Amino acid sequence: MQSRRAASSQPTVLSFARILIASADDATAEFVDRKLREWGYAPDRVIDGAEAVRILTEGDTPRIAFLDMTLTGISGLEVAARVHHREFERPVWKLLMSDDVDLSMISDARDAGVDDLVLKPLDPVDLRIRLTVAERVQALLNQLDSEAQAARFHAKHDKLTGLWNRESLLRMLAAETDRAQRTGSPLALVLLDLDHFSRVNRDYTYEVGDKILRELARRLRRSLRSYDLIARYGEDEFLIALPGCTSEQAFDLVRRVKRAIFGRPFRAGVDLLTMTASTGISHSTGRSRLTVLREVESALDAAKQDGRNCERLFSTTETEPVQERGSAMHLVQDRSTKG
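Its first residue numbered -17, the sequence shown is counted upward by one per residue in my numbering.
#1: Tell me where the alpha helix (DSSP H) around D160 begins and ends.
#2: So S266 packs on V274, CB below 8 Å; how close in whole Å?
#3: With DSSP as the reference, label R0 as helix, strand or coil.
#4: Based on the DSSP secondary-structure assignment, which residues constitute the bridge partners of L75?
#5: With a threshold of 8 Å, are at least 3 pairs of Cβ atoms found where one atom belongs to the region 276 to 295 and the other to the region 170 to 178?
#6: Compute the beta-carbon to beta-carbon distance between I29 and L53, rounded to the nearest angstrom, for a pair I have assumed lies under 8 Å.
#7: Three or more C-beta pairs under 8 Å: does that hold for the region 249 to 265 against the region 139 to 149?
#8: Short of 6 Å in beta carbon distance, which residues of its chain neighbour A199, apart from the five on each side in sequence? Order them along the chain.
#9: In the DSSP assignment, what are the bridge partners of A250?
#10: R178 by DSSP, collapsed to three states: which one?
#11: Please state whether the Cβ-Cβ distance between A242 and S260 is less than 8 Å.
#12: Please report how far the alpha carbon of L206 lies from the alpha carbon of L78, in whole angstroms.
#13: Applying the 10 Å Cβ sphere with the 16-neighbour rule, what's the burial state of T165?
#14: Checking 8 Å against the spacing of the C-beta atoms, do G323 and A47 come in under that value?
#15: Between the alpha carbons of C227 and D210, how many angstroms are there, rounded?
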């Protein structure tokens, strides 16, 4: 009980809690400023209403504002109204300070988006309570905003790898194919499939398999261009869109990327595994994304049928395999047998 009283003796300073004091009443401004500094804040102060509006609507805005009815230019009530009409994702908690409060003032304050209304002169205990309420509300809004951002991220990204998910990339692919058609620029698609990945899950558990997929995603991001689009297309399949690449350019790029990615082993518990992948490649110059997807899937099937660990380029005439054959997965080092 004692520690709880001590914790509640003053408001907790939140990381985002920049505070604005807007008042042309020197006594009120000095009082609020002094108390806030005693509680660990470094508030900003203005006396002009228009300046208060600017601060509360541009850039990294304060999350809490003490607005006095007494301001130069426009009143604190008008400041609240202008700020309220421009608020979107980061609302400001607006506390209006006034010498007189009546029913008309309360109604006007509500319409202006005022969150709290207090009569001057302010009482320090009352001020502390109101600030605590403001902080709790803003902390909750901050948490909800973080959760909403996380929800938006997870709706578009694969939970395991952090790459785009299948649905998101298909939507972006529609826009990319439209752009390619308008501009006549090339667009290549690559579908990469880990060879015999089920053996990893079988021999080393699904947890190890997940770690390998995350590491593969990390290597893909580091090896490709910043504007290339990468998605987890299936359990062990990754779809890559390469804007500005012809199929031949994509072919060369894929070979370089695969050497960079699979030239180093992947960790599987205490073991190190060499992994390989089969790859299908197709291209679009504005053709339907579904057509190109069917083609790249067909090219991948051809790579698998041709022995895996190779690249296949879709062609209406023929699809040539690439050398560099080898075992799909083998143990490089088994440290569990070493002393």
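Beta carbons: idealized from backbone N, C-alpha and C, even for Gly. This structure is a prediction, so every number in the text was calculated from the model and none was measured.
To lay it out plainly:
#1: First-last of the alpha helix (DSSP H) with D160: R148 to T165.
#2: Their Cβ separation, rounded to whole angstroms, is 4 Å, which keeps S266 and V274 in contact under 8 Å.
#3: If DSSP states are grouped into helix, strand and coil, R0 belongs with coil.
#4: For clarity, residue 75 is Trp in the given sequence; the question names Leu instead. Beta-bridge pairing links W75 to I46.
#5: In short, these stretches touch, since the Cβ pair count reaches three.
#6: About 7 Å separates the two Cβ atoms, so the contact holds.
#7: Using a C-beta cut-off of 8 Å, the region 249 to 265 makes no contact with the region 139 to 149, since fewer than three inter-stretch Cβ pairs fall below that distance.
#8: The beta carbon of A199 lies closer than 6 Å to those of T143 and L145 in the same chain, with the five residues before and after it left out.
#9: Answer by DSSP bridge pairing, in chain order: D253.
#10: The sequence given here has His at residue 178, not Arg. In this structure, H178 counts as coil in the three-state DSSP scheme.
#11: Between A242 and S260, the gap from beta carbon to beta carbon reaches 8 Å or more.
#12: Per the coordinates, the alpha-carbon of L206 lies some 53 Å from the alpha-carbon of L78.
#13: Looking at its Cβ environment, which holds fewer than 16 other Cβ atoms inside 10 Å, T165 is exposed.
#14: Examination of residue 323 is not possible in this model, given that the chain is present from -17 through 321 alone.
#15: Spanning the two alpha carbons is a distance of roughly 10 Å.
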